[in-house]
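This report refers to the structure that appears directly beneath it.
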Amino acid sequence: MKIKIAPSILASDFAKAGETVEKLEKCGADYIHCDVMDGSFVPPITFGHQMVEGLRPHTKLPLDCHLMVRHPQTHFEEFKKAGADIVTIHFETGPKSLIDRLKKIKSLGMKCGAVINPNTPVERIFDCVPFADMILVMSVFPGYGGQKFIGETYHRLEKLRSYCIKNGYPEKDIEVDGGITEENIDSVLHAGANVIVAGSTVFRSQDMAKTIERLRG
Numbered sequence: 004m005k006i007k008i009a010p011s012i013l014a015s016d017f018a019k020a021g022e023t024v025e026k027l028e029k030c031g032a033d034y035i036h037c038d039v040m041d042g043s044f045v046p047p048i049t050f051g052h053q054m055v056e057g058l059r060p061h062t063k064l065p066l067d068c069h070l071m072v073r074h075p076q077t078h079f080e081e082f083k084k085a086g087a088d089i090v091t092i093h094f095e096t097g098p099k100s101l102i103d104r105l106k107k108i109k110s111l112g113m114k115c116g117a118v119i120n121p122n123t124p125v126e127r128i129f130d131c132v133p134f135a136d137m138i139l140v141m142s143v144f145p146g147y148g149g150q151k152f153i154g155e156t157y158h159r160l161e162k163l164r165s166y167c168i169k170n171g172y173p174e175k176d177i178e179v180d181g182g183i184t185e186e187n188i189d190s191v192l193h194a195g196a197n198v199i200v201a202g203s204t205v206f207r208s209q210d211m212a213k214t215i216e217r218l219r220g
């Protein structure tokens, strides 16, 4: 299974966003992870589809847009027009409507992902596996970069990967986001993740290309 690295531009200098994604592409990143926060579902406000639209001309890499917003379904078409390739939405914003929302994202021609927070039992996302291109397991509580990795995430990743394998989805992309470092990456990959979001670890590095390669395990 291919390991994909998705640096989060939340940890970058927004004033140099276009230049940053160009550099990330040259350094071997697979995706550009865009953390969209609305100040309601999570406390901070970051950016919306306008940032994605601004980034689009600077890279051919897929733009992986993680919507940490209260009503994600109202934004799907805007992100499609802006150039998003993947839109991931939280289970916690509406468990009963999540599958329908995933189908809506797909109908617009984008890939879709379902996200689950650290305090939600991972089993609750299992029903979404057939409908989502990717499952994102948060390894910190969403809202702020630079948090410490929550150790229970290893067990959650193992359970999710085991479920995928047993139910006919062995190659399902499982993304993990929060507190990923060069020190814990091997354990994260061993637990079953294959799409790695990393912000501080990449942008604080003196050699981003080398760090991205290390994050591949």
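With the numbering used here applied, the sequence shown corresponds to residues 4 to 220, in that order.
Each residue gets a CB set at the ideal place from its N, CA and C atoms; glycine is no exception.
Asked                                                                                                                  : Found
Residue from 71, 220 and 211 with nearest C-alpha to residue 26                                                        : 211
Per-residue DSSP class, three states only, for residue 114                                                             : strand
Contacting residues, own chain, Cβ-Cβ under 6 Å from residue 69 (five flanking each side not counted)                  : 38 and 91
Residue from 190, 129 and 145 whose Cα sits closest to the Cα of residue 171                                           : 129
Euclidean distance between Cα positions of residue 103 and residue 209                                                 : 43 Å
CB contact flag (residue 181, residue 125, <8 Å)                                                                       : no
Residue 153 (DSSP reduced to helix, strand or coil)                                                                    : coil
Alpha-carbon spacing of residue 15 relative to residue 205, whole angstroms                                            : 9 Å
Close-in-space but distant-in-sequence residues of the same chain around residue 85 (CB under 6 Å, 5 per side omitted) : 52, 55 and 56
Sequence-distant residues of its chain with Cβ nearer than 8 Å to residue 107 (five each side left out)                : 76 and 79
Contact set for residue 219: own chain, Cβ-Cβ below 6 Å, skip 5 residues either direction                              : 6
8 Å CB neighbourhood of residue 151 in its chain, flanking five on each side removed                                   : 143 and 182
Nearest-angstrom beta carbon gap, residue 40 and residue 195 [assumed within contact, 8 Å]                             : Wrong, their Cβ atoms sit about 27 Å apart, outside the cutoff.
6 Å CB neighbourhood of residue 185 in its chain, flanking five on each side removed                                   : 217
Alpha-carbon spacing of residue 167 relative to residue 132, whole angstroms                                           : 7 Å
Residue 74, DSSP secondary structure in three states                                                                   : coil
Residue 11, buried or exposed, once every other Cβ within 10 Å from all chains shown has been counted against 16       : buried
Own chain residues within Cβ distance below 8 Å of residue 101, not counting five before or after                      : 92, 94, 117 and 131
Runs of alpha helix (DSSP H) wholly within the stretch 23-97 (minimum 4 residues, chain order)                         : 52-58 and 79-85
Own chain residues within Cβ distance below 8 Å of residue 24, not counting five before or after                       : 12, 35, 58, 61, 62 and 64
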